[in-house]
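Counting from 7, one number per residue, gives the positions in the sequence shown under the numbering used here.
Where is the CB? At the ideal position from N, CA and C, for every residue including glycine.
These figures come from a predicted structure and were not determined experimentally.
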Amino acid sequence: MQGILIVDKPTDWTSFDVIAKLRGILGTRKLGHSGTLDPMATGVLPVFCGGASKAVDLQLDHTKAYRAVLRLGQRTDTGDVTGTVLETAPVTAGEQELLAVLPQFLGPRMQTPPMYSAVKINGQPLYKLAREGKTVERKARPIEILDIRYEGSPAENEYALTVKCSKGTYIRVLLEEIAEAMGQKGTMSALRRVAAGVYSEADAHTLEEIQAAKDAGPEALQALMLPVESVFASLPLLVADERVEQHLYNGCPTSRYSAADGRYRVRNAGGQFLGLANVVNGVLKVEKLFVERN
């Protein structure tokens, strides 16, 4: 069983809970996931199964997209409604003020990770320190907000936003900053990831759907998997003949290779995805294989 399974993570599950459940369904411990989601969050969680787990750290597209809801009038210790309310304040701003401040959040910026996060300092996850009532200094990190749009008000003093952003962006922190720019206290009341890299909600399956496919048999389960090659779809394709294919398996460079310098996804003459390779000064070298050696 090899491929990428896009899970629609349910609320109140950690990303690790999902992996633990899938280990039972898929019968393997060889799983990796891309982009941890908070327990309260739902949505797109790519899980790399079997040999595809080697692709987790090779992804080309790390952008994420979210639907989030900002609730004005309170601030919590976690930055979302699952936390303890630290402060409340009258709501004196609304849609007009929100629309006025949103443009200032577009583009590159620095963001300080929240205490309730999986970021490690001296080997200790921040959330463990936060649960002990401790606060430590955190370094701001560069992020980028690629797009941010107002999507309406689902309830009084609540405002829905869609955000497309770089890897490592904390939406909870972003919403608090937006509220602050409005002169308000704010926290996140809902979060759903609608895209992670090249994968979207349209690719996602619930755990119930995955279990049903498991019960239907291996073919039904494999049918839910996306090919590992999908991670590298933006790279140019190189088709290797049999001689070059064997060179790739053996880790041998192929000289005088007639292709432009660059990074490629490689298939064999039969159309099977082999892996990644680089051409430098006319020499083709393997980077990573995703097939068993012939």
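Check whether the Cβ atoms of residue i and residue j sit closer than 8 Å, and answer yes or no.
i, j, result
"residue 74", "residue 197", "yes"
"residue 37", "residue 59", "yes"
"residue 190", "residue 282", "no"
"residue 116", "residue 86", "no"
"residue 301", "residue 286", "As shown, the chain starts at 7 and ends at 300. That puts residue 301 outside it, with no answer to give."
"residue 152", "residue 142", "no"
"residue 265", "residue 244", "yes"
"residue 154", "residue 112", "yes"
"residue 54", "residue 25", "no"
The beta strand (DSSP E) with residue i in it runs from where to where?
i, result
"residue 250", "No beta strand (DSSP E) contains residue 250, which is instead part of the alpha helix (DSSP H) from 248-256."
"residue 92", "91-94"
"residue 117", "113-117"
"residue 40", "No beta strand (DSSP E) contains residue 40, which DSSP labels as neither H nor E."
"residue 80", "80-82"
"residue 196", "192-202"
"residue 283", "279-286"
"residue 173", "Residue 173 -> no beta strand (DSSP E), and no H or E assigned at all."
"residue 293", "289-295"
Quick one: measure Cβ to Cβ for residue i and residue j, integer angstroms, because I've assumed they're closer than 8 Å.
i, j, result
"residue 31", "residue 228", "That pair is no contact at about 13 Å."
"residue 83", "residue 92", "6 Å"
"residue 232", "residue 12", "7 Å"
"residue 63", "residue 204", "Not quite, the Cβ-Cβ distance comes to about 16 Å (not below 8 Å), so this is no contact."
"residue 226", "residue 52", "Not really, about 20 Å apart at Cβ, beyond 8 Å."
"residue 247", "residue 210", "Not really, about 38 Å apart at Cβ, beyond 8 Å."
"residue 292", "residue 257", "6 Å"
"residue 35", "residue 193", "Not a contact, Cβ separation roughly 37 Å."
List the endpoints of the continuous alpha helix (DSSP H) containing residue i.
i, result
"residue 159", "Here residue 159 belongs to no alpha helix (DSSP H); instead the beta strand (DSSP E) covers 147-161."
"residue 107", "101-107"
"residue 180", "177-187"
"residue 29", "21-32"
"residue 134", "132-137"
"residue 221", "213-222"
Can you find the residues in the same chain that come closer than 8 Å, C-beta to C-beta, to residue i, ignoring five residues on each side of it along the sequence?
i, result
"residue 48", "14, 15, 16, 17, 197, 198 and 199"
"residue 186", "192"
"residue 89", "82, 83, 122 and 193"
Keeping to the same chain, check which residues put their C-beta closer than 7 Å to that of residue i; ignore five residues upstream and five downstream.
i, result
"residue 149", "115, 117, 171, 172, 174 and 175"
"residue 19", "45"
"residue 65", "40, 203 and 237"
Could one say the Cβ of residue i lies closer than 8 Å to chain C's Cβ atoms, at least one of them?
i, result
"residue 77", "As a matter of chain content, chain C is missing from the structure shown, which is built from one protein chain."
Residues in the same chain with beta-carbon distance under 6 Å from residue i, minus the five sequence neighbours each way, listed in chain order, please.
i, result
"residue 6", "The first residue shown for the chain is 7 and the last is 300, placing residue 6 beyond what the model contains."
| query | How about the stretch 106-123 and the stretch 176-183: do they share at least three Cβ pairs that are nearer than 8 Å? | reply | yes
| query | How about the stretch 235-243 and the stretch 267-275: do they share at least three Cβ pairs that are nearer than 8 Å? | reply | yes
| query | Are there three or more Cβ pairs, one per stretch, closer than 8 Å when the stretch 159-170 is compared with the stretch 88-104? | reply | yes
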